[in-house]
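Inspection log for the structure reproduced underneath, given as structure tokens.
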Amino acid sequence: MSSIKDDRGYSQGFTLAKSTTVRMKRRTGMLLSEMNPTPDTRILEIGCGTGEVSYWMAEQSPARVLGTDLCVPFIEGAREKYRLPNLEYAVLDFNDPHALPDAQFDYIVGNGILHHLYHNLDAALANIRRLLKDGGKIVFLEPNLYNPYIFLIFSFPFLRKLSHLEPDEMAFSRRFIADRLHWAGFADIRVSYKDFLLPGIPSFLVAPSIVAGSVLERVPLINAVAQSIFLSATKPSDSLHAPQAKNKRRITRDNIFFLFRYGISGGIGALVQSGFLFLWVSVFGFERIYLWGAVLGFIIALAVAFSLQKYWTFRDRSSTTPTRQFVIYGLVATLNLFLITGGLELARTLFVARGVDFFNWWYLLVQAGIIVIVSAMSLALNSLFTFRKDSPRTGV
Numbered sequence: 421m422s423s424i425k426d427d428r429g430y431s432q433g434f435t436l437a438k439s440t441t442v443r444m445k446r447r448t449g450m451l452l453s454e455m456n457p458t459p460d461t462r463i464l465e466i467g468c469g470t471g472e473v474s475y476w477m478a479e480q481s482p483a484r485v486l487g488t489d490l491c492v493p494f495i496e497g498a499r500e501k502y503r504l505p506n507l508e509y510a511v512l513d514f515n516d517p518h519a520l521p522d523a524q525f526d527y528i529v530g531n532g533i534l535h536h537l538y539h540n541l542d543a544a545l546a547n548i549r550r551l552l553k554d555g556g557k558i559v560f561l562e563p564n565l566y567n568p569y570i571f572l573i574f575s576f577p578f579l580r581k582l583s584h585l586e587p588d589e590m591a592f593s594r595r596f597i598a599d600r601l602h603w604a605g606f607a608d609i610r611v612s613y614k615d616f617l618l619p620g621i622p623s624f625l626v627a628p629s630i631v632a633g634s635v636l637e638r639v640p641l642i643n644a645v646a647q648s649i650f651l652s653a654t655k656p657s658d659s660l661h662a663p664q665a666k667n668k669r670r671i672t673r674d675n676i677f678f679l680f681r682y683g684i685s686g687g688i689g690a691l692v693q694s695g696f697l698f699l700w701v702s703v704f705g706f707e708r709i710y711l712w713g714a715v716l717g718f719i720i721a722l723a724v725a726f727s728l729q730k731y732w733t734f735r736d737r738s739s740t741t742p743t744r745q746f747v748i749y750g751l752v753a754t755l756n757l758f759l760i761t762g763g764l765e766l767a768r769t770l771f772v773a774r775g776v777d778f779f780n781w782w783y784l785l786v787q788a789g790i791i792v793i794v795s796a797m798s799l800a801l802n803s804l805f806t807f808r809k810d811s812p813r814t815g816v
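Position in the sequence shown (from 1) plus 420 gives the number in our numbering.
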């Protein structure tokens with residue numbers, strides 16, 4: 421199975437082997453299942469690529485279909501290969517207000533498009549909303565971040581490069597896109613997990629995969645690892661669903677999950693260091709060189725925690741400055757170590773001076789308080805100086 425690359429060398433889909441053709445036609449059917457097309461219906465496909473989905477929609481419905489893409493060779497090839505009276509192709513950027521100045525569409529659709537706009541998703545959704553008629557609907561299929569394969573290729577730089585992903589594209593979760601659609605002013609938002617049919621599998625596995633997938637899509641938890649997120653939403657005709665003010669600060673589930681991931685990543689780093697020291701002393705018997713084990717364990721734990729914080733917590737996909745980031749992260753972690761040690765020693769001195777037995781439950785309480793304060797400071801420093809800060813910050 422080989423991928424189709426655009427004029428910049430980035431992967432934009434798969435060549436049409438039998439399984440891939442079946443997969444794409446099924447996805448076209450999913451998009452059409454959310455529509456009620458008539459000869460007066462106008463459909464805009466964003467990022468139509470080589471044009472197959474637009475062609476199949478025009479072939480299977482009376483609607484007028486406009487397929488658009490930024491890649492000139494893709495559109496030129498589609499115009500040559502696919503011709504129908506109700507089908508057009510155009511090279512344009514829907515985010516450009518001058519590209520479709522007076523156009524209004526009943527449906528705006530896409531297959532694996534919104535995740536390319538991850539770092540400008542709020543603005544992109546506003547532009548999509550502008551192009552919709554009142555009561556119009558969007559329908560998209562997007563890669564599901566919780567699918568193990570998708571998580572891996574989007575999370576690690578060498579796999580991103582191997583897969584020829586664009587620098588700014590990023591998969592996301594069902595909850596994430598539902599929140600973004602809500603705050604963009606859409607209504608009737610529906611987001612579900614879809615599709616277990618893998619592109620490029622042998623022909624004899626296509627039918628069993630479809631049957632198995634139709635069952636797995638209905639099984640809670642298991643369906644969360646499906647390949648795609650299937651979403652639809654409408655543009656309401658009333659003013660009650662106007663887009664929310666962007667400058668309104670609020671604690672969202674995204675923020676809560678971000679803090680959760682930050683704590684889990686740091687905790688895993690601490691467990692790695694403790695586990696390494698246990699092996700160093702209790703298994704290998706290196707008590708005499710304990711200090712070397714402590715230093716080595718700290719470095720290993722630092723590397724583990726850094727990787728988790730960068731790629732999981734902060735969703736920082738930048739690959740140009742990882743060494744600098746690791747150095748800064750290491751300095752912050754070293755500062756944390758000194759602050760925690762110094763804080764505990766200062767607290768012990770103060771308690772002893774007052775005649776209080778510090779090494780009791782007071783020790784645990786003070787230690788917990790110092791760790792919380794230092795962790796908050798560490799989060800602030802890493803957010804400001806270490807990791808790339810994008811909006812939206814997380815796709816979970």
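Note that the Cβ used here is the ideal one computed from N, Cα and C, for glycine as well.
Bounding residues of the alpha helix (DSSP H) (the contiguous stretch that carries residue i)
{"i": "I495", "result": "V492 to K501"}
{"i": "S474", "result": "E472 to Q480"}
{"i": "G605", "result": "No alpha helix (DSSP H) contains G605, which DSSP labels as neither H nor E."}
{"i": "V626", "result": "V626 to L636"}
Opposing strand residues paired with residue i [DSSP bridges]
{"i": "N564", "result": "F592"}
{"i": "L398", "result": "Outside the shown range of the chain, which is 421 to 816, sits residue 398, and nothing can be said about it."}
{"i": "K581", "result": "Its beta-bridge partners do not exist; DSSP assigns none."}
{"i": "L552", "result": "F525"}
{"i": "S423", "result": "F434"}
Secondary structure of residue i, DSSP reduced to three states
{"i": "G487", "result": "strand"}
{"i": "T440", "result": "helix"}
{"i": "K730", "result": "helix"}
{"i": "E508", "result": "strand"}
{"i": "L617", "result": "coil"}
{"i": "D522", "result": "coil"}
{"i": "S657", "result": "coil"}
{"i": "E765", "result": "helix"}
{"i": "E454", "result": "coil"}
{"i": "P742", "result": "helix"}
{"i": "D542", "result": "helix"}
{"i": "N802", "result": "helix"}
{"i": "R708", "result": "helix"}
Local Cβ density within 10 Å of residue i, reported as buried at 16 or more and exposed below that
{"i": "G686", "result": "buried"}
{"i": "V752", "result": "buried"}
{"i": "T435", "result": "exposed"}
{"i": "F624", "result": "exposed"}
{"i": "L728", "result": "buried"}
{"i": "N675", "result": "exposed"}
{"i": "D489", "result": "buried"}
{"i": "E820", "result": "The chain is shown from 421 up to 816; residue 820 falls before or after that span and cannot be answered."}
{"i": "R638", "result": "exposed"}
{"i": "P568", "result": "exposed"}
{"i": "F726", "result": "buried"}
{"i": "H535", "result": "buried"}
{"i": "Q432", "result": "buried"}
{"i": "G449", "result": "exposed"}
{"i": "A478", "result": "buried"}
{"i": "Q693", "result": "buried"}
Contacts around residue i, its chain only, beta-carbon distance under 7 Å, and the 5 residues preceding and following it disregarded
{"i": "S612", "result": "F650"}
{"i": "D615", "result": "G633, A646, Q647 and S648"}
{"i": "H602", "result": "I609"}
Sequence-distant residues of the same chain with beta carbon closer than 8 Å to residue i, five excluded per side
{"i": "F696", "result": "G713, L716, G717, I720 and A721"}
{"i": "P482", "result": "P457, T458, P459, T461 and N506"}
{"i": "V626", "result": "K438, S439, V442 and L617"}
{"i": "G657", "result": "Looking at the sequence itself, residue 657 is Ser, so the reference to Gly does not match. Hits under 8 Å: D554 and G555."}
{"i": "Y430", "result": "H584, L585 and E586"}
{"i": "W732", "result": "S575, R681 and S685"}
{"i": "V794", "result": "N756, L759, I760 and G763"}
Residue range of the beta strand (DSSP E) that includes residue i
{"i": "F434", "result": "S431 to F434"}
{"i": "V529", "result": "F525 to N531"}
{"i": "I466", "result": "R462 to I466"}
Residues near residue i in its chain [Cβ-Cβ closer than 6 Å; skip 5 each side]
{"i": "E707", "result": "V701"}
{"i": "T806", "result": "Q745, I748 and Y749"}
{"i": "Y475", "result": "Y502"}
{"i": "R669", "result": "Any reading at R669 needs caution, since the residue's pLDDT is 45, under 50, leaving its predicted position unreliable; the model's value is listed next. There are no such residues."}
{"i": "D426", "result": "Q432 and C491"}
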